[in-house]
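For the sequence shown, position 26 (counting from the first letter as 1) is numbered 212 according to my numbering, and the numbering increases by one without interruption.
Yeah, the Cβ is synthetic: ideal placement off N, Cα and C, and Gly gets one too.
Fair warning: this is a prediction, and the values are worked out from it, not measured in the lab.
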Amino acid sequence: MNSNLKKIVMGALFAALACVATMSVRIPTPGTSGYIHPGDAIVILSGVILGPGWGLLSAGIGSAMADFLGGYFIYVPITFVIKGAVAFVSGAIYRQVGKTPKSRCAAVVLGGVSDMILVAGGYFLCEAMLYGTAAASASVPANLVQGVSGLLIGTVLYPVLLKVPDIRRTANEAAKIHL
Numbered sequence: 187m188n189s190n191l192k193k194i195v196m197g198a199l200f201a202a203l204a205c206v207a208t209m210s211v212r213i214p215t216p217g218t219s220g221y222i223h224p225g226d227a228i229v230i231l232s233g234v235i236l237g238p239g240w241g242l243l244s245a246g247i248g249s250a251m252a253d254f255l256g257g258y259f260i261y262v263p264i265t266f267v268i269k270g271a272v273a274f275v276s277g278a279i280y281r282q283v284g285k286t287p288k289s290r291c292a293a294v295v296l297g298g299v300s301d302m303i304l305v306a307g308g309y310f311l312c313e314a315m316l317y318g319t320a321a322a323s324a325s326v327p328a329n330l331v332q333g334v335s336g337l338l339i340g341t342v343l344y345p346v347l348l349k350v351p352d353i354r355r356t357a358n359e360a361a362k363i364h365l
């Protein structure tokens, strides 16, 4: 299978995983009509394993699809941008920091930290424009909890996923390419 086709297939797989992980476990957040989910782990890992560009597309499409299928239509473009940005930043960090196996694990953790900042901040800004600052502030704690769960789950899943030869090879290629 040629390299471009492998990237497309892997990107589609991560988009589907992001959608399913977002929709499979939903813990409702009181007062916000939102929910906490494990999908952010896949968003982070999309950027890490696929690289910034492919990660952005996979995470953005998969996460936006979860909002679309879940009836959160107003959030589809917002989620595409925010989750795509998380994957892009996670992938860029992985490329810059991930020179050794230990530093690659640290890069995944840093990707999780970027997730917390971008998700809590990004949704706050968008919701402040849509609903006002008070309502947007109510979603920040839940988004931070979601970010922490994404960081923890992503850090645990990363070494497990690297046991799959094609995923390991793709992640190694992502780490060697410099921006």
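Nearest by alpha-carbon distance to Val272: which of Ala306, Gln282, Leu343 is it?
As a working mapping, residue 272 is identified with position 86 in the sequence shown. For Val272, the nearest C-alpha among the options comes from Ala306.
Please determine, among Glu359, Thr265, Ile230, Ile235, the residue with the shortest C-alpha to C-alpha distance to Ile247.
Along the sequence shown, read from residue 1 onward, the residue named residue 247 stands at position 61. Selected option, being the one with the closest Cα: Thr265.
Going along the chain, which residues of its own chain have a beta-carbon closer than 7 Å to the beta-carbon of Leu304, five neighbours each way excluded?
As a first step, residue 304 must be located in the sequence shown, where it is residue number 118. Around Leu304: Ile268, Ala271, Val272, Val275.
Which residues mark the beginning and the end of the alpha helix (DSSP H) in which Thr341 is found?
For this step, residue 341 is matched to residue 155 along the sequence shown. In the DSSP annotation of this structure, the continuous segment of the alpha helix (DSSP H) that includes Thr341 starts and ends at 319-347.
Assess, as a yes-or-no matter, whether the stretch 187-198 is touched by the stretch 305-319 under the definition of 3 or more beta carbon pairs within less than 8 Å.
No, the stretch 305-319 is not in contact with the stretch 187-198.
Bridge partners of Pro214, per DSSP?
Numbered from its first residue, the sequence shown carries residue 214 at position 28. Assignment of beta-bridge partners to Pro214 by DSSP yields Tyr221.
Exposure of Val317, with buried meaning 16 or more beta-carbon neighbours within 10 Å:
Taking the sequence shown and counting its residues from 1, one reaches residue 317 at position 131. Note that residue 317 is Tyr in the sequence shown here, rather than Val. With fewer than 16 Cβ atoms within 10 Å of its Cβ, Tyr317 is classed as exposed.
Secondary structure of Tyr258, DSSP reduced to three states
Here residue 258 corresponds to residue number 72 of the sequence shown, with the count starting at 1. Tyr258 falls in the coil class under three-state DSSP.
Helix, strand or coil at Thr286 [DSSP, three-state]
One-based indexing of the sequence shown puts residue 286 at position 100. It is coil, neither helix nor strand.
My understanding is that Ala204 touches Ser232, with C-beta atoms under 8 Å, so please give their C-beta distance in whole angstroms.
In the sequence shown, residue 204 corresponds to position 18, counting from 1. In the sequence shown, residue 232 corresponds to position 46, counting from 1. Right, their Cβ atoms sit about 6 Å apart.
Whole-angstrom C-beta distance between Ile230 and Gly284, which should lie under 8 Å:
To locate residue 284, count along the sequence shown from 1; it is residue 98. To locate residue 230, count along the sequence shown from 1; it is residue 44. So it is not a contact: roughly 13 Å between Cβ atoms.
Chain-order list of residues whose beta-carbon lies under 6 Å from that of Gln282 (same chain, five-residue window excluded):
As a working note, residue 282 is residue 96 in the sequence shown. Excluding sequence neighbours, Gln282 sits near nothing in its chain.
Please report how far the alpha carbon of Leu338 lies from the alpha carbon of Cys291, in whole angstroms.
On the sequence shown, position 152 is the one that residue 338 refers to. On the sequence shown, position 105 is the one that residue 291 refers to. Rounded to whole angstroms, Leu338 to Cys291 spans 12 Å at the Cα level.
Just to confirm my understanding: we take Asp253, look at its own chain, exclude 5 residues before and 5 after, and list those with CB closer than 7 Å. What are they?
Translated into positions along the sequence shown, residue 253 becomes position 67. Contacts found: Tyr261, Val262, Thr265.
Backbone CA spacing between His364 and Ala314 [nearest angstrom]
The residue you call residue 364 lines up with position 178 of the sequence shown. The residue you call residue 314 lines up with position 128 of the sequence shown. For His364, the pLDDT reaches just 45, beneath the cut-off of 50, and the residue's location in the model is therefore unreliable, although a value from the coordinates is still provided. Cα to Cα, the separation comes out at about 36 Å.
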